[in-house]
Amino acid sequence: AQSVAQPEDQVKVAEGNPLTVKCTYSVSGNPYLFWYVQYPNRGLQFLLKYITGDNLVKGSYGFEAEFNKSQTSFHLKKPSALVSDSALYFCAVRSFGNEKLTFGTGTRLTIIP
Amino acid sequence: NAGVTQTPKFQVLKTGQSMTLQCAQDMNHEYMSWYRQDPGMGLRLIHYSVGAGITDQGEVPNGYNVSRSTTEDFPLRLLSAAPSQTSVYFCASSSTGLTTDTQYFGPGTRLTVL
Chain A
51 AQSVAQPEDQ VKVAEGNPLT VKCTYSVSGN PYLFWYVQYP NRGLQFLLKY ITGDNLVKGS
111 YGFEAEFNKS QTSFHLKKPS ALVSDSALYF CAVRSFGNEK LTFGTGTRLT IIP
Chain B
2 NAGVTQTPKF QVLKTGQSMT LQCAQDMNHE YMSWYRQDPG MGLRLIHYSV GAGITDQGEV
62 PNGYNVSRST TEDFPLRLLS AAPSQTSVYF CASSSTGLTT DTQYFGPGTR LTVL
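Protein sequence lines correspond, in order, to chains A and B. Under this note's numbering, the first residue of the first sequence is numbered 51, with each subsequent residue one higher. Under this note's numbering, the first residue of the second sequence is numbered 2, with each subsequent residue one higher.
In structure tokens:
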């Protein structure tokens, strides 16, 4: 079985500071990892994904994530937070050959002006 | 392109009523899926389809039915609504069922069952 854990329900960061949203996963075999963002009353939007190759993945809106196989983590990062980054962030994982995507419970990111 | 569209945006049902949530996509995607989003539980997969005429169960399929007669449409049917089905429902599509693909989500349907 595959699973994702987002250990923080909520993260608050001051505008201009770096931010990190944590994600750890469990799969059999190679993981395929995704981050999605949800703004109020909207559907989820794709941010970035790790499939293979470079462990540091860059995505939309200046976000990046680092795949760490030994720690089974895929934390989302941004060097300088914007108020507009405030949203609900979901980490998701699939394993090779599995059609199903498993989501974490989400982390609400609040950027304080 | 409209992307993934869902109707209705909001719906209130009484226990025991049935209804269909509509989902359509205009991107010619083969893979479509339905999720429900509940507070503190993230998104959970209800049913999915890898192409017209093919559907399969997800994590929480009980009480829901799907069919896929065309590539574009993937309706979700609630057979006899229960309060436990109060949730926000999202439809998603992607171009293939491969593990590498990005999913595109609709705006959601907020369902309340009284």
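No residue lacks a Cβ here, since even glycine has one placed at the ideal position from N, Cα and C.
Meets three-Cβ-pair contact criterion under 8 Å: the segment 131–141 of chain A and the segment 71–87 of chain B: no
Which bits of chain A does TYR90(B) rub up against, with CB to CB less than 8 Å? Reading the second sequence from its first residue, position 89 is the one you call residue 90(B). Those within 8 Å of TYR90(B) in chain A number zero; the least Cβ separation is about 11 Å.
Kindly identify the DSSP beta-bridge partner or partners of ASP57(B). To locate residue 57(B), count along the second sequence from 1; it is residue 56. Paired residues: TYR49(B).
Is it right to say MET33(B) is buried, meaning 16 or more other beta carbons lie within 10 angstroms of its own, or is it exposed? Residue 33(B) sits at position 32 when you count from the first residue of the second sequence. Classification of MET33(B): buried, given that the 10 Å Cβ count is 16 or more.
Counting C-beta neighbours from all protein chains within 10 Å, is the total for SER120(A) 16 or more, i.e. buried, or is it exposed? Here the question's residue 120(A) lines up with position 70 in the first sequence. Answer is exposed; the Cβ neighbour count stays below 16.
With the cut-off set at 7 Å, would you say PHE113(A) and LEU97(A) are in Cβ contact? Position 63 of the first sequence, counted from the start, is the residue given in the question as residue 113(A). Position 47 of the first sequence, counted from the start, is the residue given in the question as residue 97(A). For PHE113(A) and LEU97(A), yes; Cβs fall inside 7 Å.
Tell me the rounded alpha-carbon separation between PHE117(A) and PRO84(B). The residue given as residue 117(A) occupies position 67 in the first sequence. The residue given as residue 84(B) occupies position 83 in the second sequence. Computed Cα separation, rounded: 40 Å.
Alpha-carbon to alpha-carbon, GLU58(A) and THR157(A): Mapped onto the first sequence, residue 157(A) falls at position 107. Mapped onto the first sequence, residue 58(A) falls at position 8. Each residue's alpha carbon lies about 6 Å from the other.
Could you give the distance in angstroms between the alpha-carbon of THR16(B) and the alpha-carbon of TYR100(A)? On the second sequence, position 15 is the one that residue 16(B) refers to. On the first sequence, position 50 is the one that residue 100(A) refers to. Cα to Cα, THR16(B) sits roughly 43 Å from TYR100(A).
ASP102(B) classed as buried or exposed, judged by whether at least 16 other C-beta atoms fall within 10 angstroms: The residue given as residue 102(B) occupies position 101 in the second sequence. Result: buried.
Assigned secondary structure, GLY112(A) (DSSP; H/G/I helix, E/B strand, else coil): For the purposes of this step, residue 112(A) is identified with residue 62 of the first sequence, where counting begins at 1. Correct three-state label for GLY112(A): helix.
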